[in-house]
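Counting from 1482, one number per residue, gives the positions in the sequence shown under my numbering.
By construction, the Cβ of each residue, glycine as well, lies at the ideal position given by its N, Cα and C atoms.
Report on one structure; see the data block that follows.
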Amino acid sequence: MQRLSLLSAAEVQQQLADAVRRKRKQMKLSRAALAEKSTVPAPTIKKFETTGQISLRQFILLWQCVDELERLAALCKPQPAKPRSIDEVLGL
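Here it is as structure tokens:
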């Protein structure tokens, strides 16, 4: 059963690609330079930045070159439960 979301998987993929591209440009890295640094081929980086399509492993290799892996790992940590009723929100 899928959870309800305001975002589609494709939208999130593109947001991740946009984030990597933005960080790469902030670091003044060309795709070729990022490819050398990350071991992900430049054509794969181009495809990822334009379509959002990439393997998880290659995404992680790119991410560790432009940001901290701990930020990704934090997504896997348990989150506090969300309130299920207005009473829980109000603390009643």
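Asked: Under the three-state DSSP convention, the category residue 1527 falls into; Found: helix
Asked: Limits of the unbroken alpha helix (DSSP H) element including residue 1497; Found: 1490-1507
Asked: Own chain residues within Cβ distance below 7 Å of residue 1570, not counting five before or after; Found: 1564
Asked: Simplified DSSP assignment, three categories, for residue 1532; Found: helix
Asked: Residue burial classification, residue 1557 (beta-carbon count within 10 angstroms, cutoff 16); Found: exposed
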